[in-house]
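Peer 1:
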Amino acid sequence: QQQVKQSPQSLIVQKGGISIINCAYENTAFDYFPWYQQFPGKGPALLIAIRPDVSEKKEGRFTISFNKSAKQFSLHIMDSQPGDSATYFCAASMLKAAGNKLTFGGGTRVLVKP
Amino acid sequence: DAGVIQSPRHEVTEMGQEVTLRCKPISGHNSLFWYRQTMMRGLELLIYFNNNVPIDDSGMPEDRFSAKMPNASFSTLKIQPSEPRDSAVYFCASRWTGGREQYFGPGTRLTVT
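What follows is the structure, given as structure tokens:
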């Protein structure tokens, strides 16, 4: 019930293309869904986050789409750039849980080719 | 703000040795998390502190691992004795209790030979 499943494991996209990463969860008590971006040798950093009362959130070239009934959410990277090459993690947490802990997906390694 | 500070950034040690990893959270943050990252298991939460008190250590793999937070600005994760399977990147993250976002440090890459 605590798992967050992420796909694909890796993704290669041409510069200017769209990168799409999908995540699915089981626990309907989750109420916060962040995406983290991690560059090699660095710690994960928050990219964008959404709550389940919103179906879409956009920040620049990054968009989260959220489907509450399907218990799925996805990250779209529009006009992908070589600088977007990184590992992306989806996560979920519930405010009521002790520590408001994040449950992470397995990660997607994105490579944007110039 | 300097962000979350971790030391050392790299640690190479021999099996059986004691290893101590250090973390300084962001000033004002009162929740602190230790994670381990490996290719096989991804990001795993090891232990979580709130106001310097360990709240959930269910992710600590075994008794060889211990963590302390003697004050609001310092935490340690100790492995004694270390084993090759402990080789991983260990991250510390902090959060203001009233917020949802966790801020990660740069990590410590541990290699146990």
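Taken in order, these protein sequences are the chains called Y and X.
In terms of our numbering, the first sequence is residues 147 to 260.
In terms of our numbering, the second sequence is residues 370 to 482.
Cβ coordinates follow ideal geometry from the N, Cα and C atoms, glycine included.
Here the structure is a predicted model, which means the values were calculated and not measured.
1. Once you ignore the five residues that flank residue 241/Y on each side, which residues in its own chain have a CB closer than 8 Å to its CB?
2. For a contact defined as C-beta to C-beta under 7 Å, what are the partners of residue 475/X on chain Y?
3. Within 8 Å of any Cβ in chain Y, is that where the Cβ of residue 417/X sits?
4. Any contact between the region 404 to 420 of chain X and the region 447 to 467 of chain X? By contact I mean 3 or more CB pairs, one from each, below 8 Å.
5. Report the neighbours of residue 192/Y on chain X: residues whose CB is nearer than 7 Å to its CB, in chain order.
6. DSSP beta-bridge partners for residue 425/X?
7. On a Cα-Cα basis, can you pick out the residue from 255/Y, 237/Y, 157/Y and 253/Y that is closest to residue 470/X?
8. Report, in whole angstroms, the separation of the C-beta atoms of residue 167/Y and residue 248/Y, which I expect to be a contact under 8 Å.
9. So, using beta-carbon positions, are residue 477/X and residue 386/X closer together than 8 Å?
10. Using a Cβ-Cβ cutoff of 9 Å, what residues of the region 224 to 242 of chain Y are near chain X? List them in chain order.
11. What is the rounded straight-line gap between the Cα of residue 227/Y and the Cα of residue 157/Y?
12. With burial defined as no fewer than 16 other Cβ atoms inside 10 Å of the residue's Cβ, what is the status of residue 216/Y: buried or exposed?
13. How would you list, in chain order, the residues of chain Y whose beta-carbon sits under 8 Å from the beta-carbon of residue 414/X?
14. Among the residues of its own chain, which have a CB less than 6 Å from the CB of residue 437/X, if the five just before and after it don't count?
15. So with CB distances below 8 Å, who are the chain Y contacts of residue 460/X?
16. Which partner residues of residue 216/Y appear in the DSSP bridge assignment?
17. Does DSSP put residue 454/X in a helix, in a strand, or in coil?
18. Is the closest heavy atom of the ligand ATP to the C-beta of residue 407/X under 7 Å?
19. Quick one: list the residues of chain X neighbouring residue 171/Y, beta-carbon separation under 7 Å, in chain order.
20. Determine the extent of the beta strand (DSSP E) in which residue 380/X is found, giving its start and end residues.
21. Could you give the DSSP three-state label for residue 440/X: helix, strand or coil?
22. Quick check: is the beta carbon of residue 162/Y nearer than 8 Å to any beta carbon in chain X?
23. Consult DSSP for residue 180/Y and reduce its assignment to one of helix, strand or coil.
Peer 2: So, to answer that:
1. 177 and 178
2. 188 and 189
3. yes
4. yes
5. 470
6. 417/X
7. 237/Y
8. Going by Cβ atoms, the distance from residue 167/Y to residue 248/Y rounds to 17 Å, so no, they are not a contact pair.
9. no
10. 235, 237, 239 and 241
11. 13 Å
12. exposed
13. 247 and 248
14. 445
15. 189 and 190
16. Paired residues: none, contrary to the question.
17. helix
18. Absent from the structure shown: the ligand ATP. Ligands present: none.
19. Residues of chain X passing the Cβ test: none, with the nearest at roughly 15 Å.
20. 379 to 382
21. strand
22. no
23. strand
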